[in-house]
Structure formats: C-alpha cells, structure tokens
Amino acid sequence: MNEETICLDSVRFYWSKKSDFKLHIPKLNIGKGEKVLLLGESGSGKTTLLSLICGFLSPISGDIYLNEQKTNNLTANKRDQYRSDNIGIIFQQFNLLPYASVIDNIILPLYFSKIRASRVLNQRDVAISICKSLRLPDSIKDVQASKLSVGQQQRVAVARALIGNPSLIIADEPTSALDTDTQKNFLDLMFKQIEENKSTLLMVSHDRSLSNYFDRIIDINDILVRED
Ligand SMILES: Nc1ncnc2c1ncn2[C@@H]1O[C@H](COP(=O)(O)OP(=O)(O)O)[C@@H](O)[C@H]1O
Ligand SMILES: [Mg+2]
84 MNEETICLDS VRFYWSKKSD FKLHIPKLNI GKGEKVLLLG ESGSGKTTLL SLICGFLSPI
144 SGDIYLNEQK TNNLTANKRD QYRSDNIGII FQQFNLLPYA SVIDNIILPL YFSKIRASRV
204 LNQRDVAISI CKSLRLPDSI KDVQASKLSV GQQQRVAVAR ALIGNPSLII ADEPTSALDT
264 DTQKNFLDLM FKQIEENKST LLMVSHDRSL SNYFDRIIDI NDILVRED
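For the sequence shown, this note's numbering assigns the number 311 to the last residue and increments by one with no breaks.
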C-alpha cells in the first residue's frame with residue numbers, strides 16, 4: 084500500500100453541542116505526493132477540515148494521522164511542533180507579518196522547525212531562489228510585506244510554505260482574490276515548485292474550473308456525513 088500523508092478515521096467535530104454545524108468524516112486518505120483539490124460551497128466546512136488536519140482544532144472523537152503519526156492525542160506543544168516540521172500552510176488571507184520584509188516572512192518557518200532549517204544551507208540564498216522560481220523580482224526581497232500587491236503577497240505566502248521542504252502543503256482558497264489569468268500563472272508556478280519538492284498538496288477552493296491541475300478532486304459533500 085502507498086504511504087499516506089493524511090488519514091482521517093471516524094472524525095467528529097462540532098463547535099458547541101448546540102451548533103447546527105456538525106462534521107463527521109468516516110474516512111479520508113490522501114497518499115504521499117498526491118495533489119488533491121477539495122471542493123465545496125461556502126460554509127460547507129472546508130476551512131474547519133483543514134484546521135483539524137493541521138491540528139489547530141482537535142476532533143471530538145476519531146483519529147487524525149499525518150505521515151502515519153497520530154496527531155490528535157499529542158500535547159498542544161508537540162502538535163504545534165509536528166505541524167511546523169511537516170506542513171507548509173498558505174492561509175486564505177496569507178497571514179504575512181506586515182512590518183517584516185519579504186525575506187524575513189519567507190524564512191520565518193525555519194525558526195520554528197529545526198528539521199526544515201536543517202534542509203536549508205543558506206536561508207537568504209534559498210529564500211531568494213524560491214522567489215526567483217515564483218517570478219518575484221529580486222528587488223522585492225527587502226520590501227515590507229504590507230507594501231506588496233495581493234498577487235505578490237500570495238507568492239510570498241507560497242514561498243514561506245515551501246521553504247525547508249515540508250512533506251505537506253495546505254492551501255485554503257489561495258486563488259480567490261485573483262483574476263483568471265493571474266490565477267493560472269500562479270498555479271503553474273506553485274505546481275512546478277510542489278512537484279520539485281515532491282510534496283503532497285491539499286488545496287481548497289469553490290472553483291471547479293481548477294480541477295485539471297490536480298490528481299484527485301474531492302467534493303466535501305462526498306466525504307461528510309451530516310448529523311443533526
Ligand atoms: N470559530 C468558529 N466558531 C463557531 N463556528 C464556526 C467558526 N468557524 C466556522 N464556523 C462555522 O462552521 C461552519 C463551517 O465553516 P467553514 O469551515 O469556515 O466553511 P468553509 O471554509 O467551507 O466556508 C459554518 O457554519 C461556520 O459558521
Ligand atoms: Mg473557508
């Protein structure tokens with residue numbers, strides 16, 4: 084059997100006992116190196132599911148495995164460390180540090196993960212080379228993140244997720260702010276880098292037209308069992 088990057092087994096989650104939204108995922112497996120698009124309408128639970136996979140949220144019951152390590156019963160500190168070592172995250176709002184430079188934003192994950200830092204010989208040089216492959220101009224490296232265009236912020240967010248080669252890249256609707264041409268160009272560059280790194284990709288969108296970039300499309304409605 085192929086190695087699994089993500090495995091969910093009988094995962095249940097709700098925000099509170101009274102909340103209408105109850106998530107139940109009997110099974111979800113994503114193999115090593117797979118590039119998966121998770122589709123679903125707004126409010127269907129995509130971000131909640133990513134937060135469970137990343138360990139920002141804990142399931143009420145069931146198990147979550149990342150690279151065959153069960154993460155839901157790790158202590159909060161160990162889970163944070165495991166996330167830093169194994170997952171590059173591209174948040175929907177990018178979450179860049181606004182007053183830090185492009186380079187400092189990109190190398191930030193290396194402060195939190197010795198494992199990722201150990202794969203990078205010279206942090207600035209590697210950050211600059213990732214910028215180059217994402218077609219960010221050289222002149223941008225010392226610019227404050229708050230001064231970047233949305234398209235540039237997005238590429239910096241991708242560079243930050245990729246540095247130190249984490250095994251899993253999670254992206255929450257990273258293309259939603261872009262027009263169709265910019266979106267295509269962005270995805271071409273991101274996919275090239277992810278393929279070079281041989282990372283697994285789980286990307287969320289509500290845009291079905293992105294489907295042909297991916298190995299597998301999962302509609303969240305096909306893996307969720309709704310409970311009242
Ligand atoms: N922090 C929160 N507290 C309580 N309910 C939340 C919170 N975040 C999201 N929800 C609810 O969880 C459900 C799923 O939301 P979400 O995972 O953000 O959906 P999507 O990402 O697919 O748009 C929605 O009903 C939303 O209102
Ligand atoms: Mg969302």
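Backbone N, C-alpha and C define an ideal beta-carbon position, used for all residues, glycine too.
Item: Counting only the same chain and skipping the five closest in sequence on each side, list residues whose C-beta sits under 8 Å from that of I303.; Value: L121, L122, G123, S127, G128, K129 and L132
Item: Are the beta-carbon atoms belonging to I143 and L91 less than 9 Å from one another?; Value: no
Item: Alpha carbon to alpha carbon, how far is S167 from S212? Give it in angstroms, no decimals.; Value: 22 Å
Item: T131 CB to nearest chain C CB: under 9 Å?; Value: As a matter of chain content, chain C is missing from the structure shown, which is built from one protein chain.
Item: Classify N188: buried if its beta carbon has 16 or more other beta carbons within 10 angstroms, exposed otherwise.; Value: buried
Item: Are there any heavy atoms of ligand 1 lying less than 8 Å away from the beta-carbon of S104, as far as the coordinates show?; Value: Looking at the sequence shown, residue 104 is not Ser but Phe. Yes, since a heavy atom of ligand 1 falls inside the 8 Å radius drawn around the Cβ of F104.
Item: For I113, which option in L179, L284, H289 and D290 has the closest C-alpha, if you only look at C-alpha atoms?; Value: L284
Item: Quick check on DSSP: helix, strand or coil for D208?; Value: helix
Item: For P249, which residues from the same chain have a beta carbon less than 6 Å from its beta carbon, with the 5 sequence-adjacent residues on both sides left out?; Value: N169, I170 and G171
Item: For G234, which of helix, strand or coil comes out of DSSP?; Value: helix
Item: Indicate the three-state DSSP secondary structure (helix, strand or coil) for M84 in the structure shown.; Value: Bear in mind that a pLDDT of 48 at M84, under 50, signals an unreliable position, so the number given afterwards is only what the model happens to contain. Looking at M84 - three-state DSSP - the assignment turns out to be coil, as it is neither helix nor strand.
Item: How is K100 classed by DSSP in three states: helix, strand or coil?; Value: coil
Item: What is the rounded straight-line gap between the Cα of T265 and the Cα of K100?; Value: 42 Å
Item: Using the three-state DSSP reduction, which class does S229 fall into: helix, strand or coil?; Value: helix
Item: Mapping DSSP to helix, strand and coil, what is D255?; Value: strand
Item: Nearest to S229 by CA position, among R207, A254, Q176 and K197, is which residue?; Value: Q176
Item: Using only alpha-carbon positions, find the residue among F274, L180 and N160 that is nearest to S216.; Value: F274
Item: Rounding to the nearest angstrom, what Cα-Cα distance links F104 and S288 in this structure?; Value: 20 Å
Item: Could you give the distance in angstroms between the alpha-carbon of V209 and the alpha-carbon of S259?; Value: 28 Å
Item: At the level of alpha carbons, what is the spacing between P109 and L140?; Value: 17 Å
Item: Is there at least one non-hydrogen atom of ligand 2 closer than 8 Å to the beta-carbon of Q175?; Value: yes
Item: Is K101 near ligand 1 - that is, is its Cβ less than 8 Å away from at least one heavy atom of it?; Value: no
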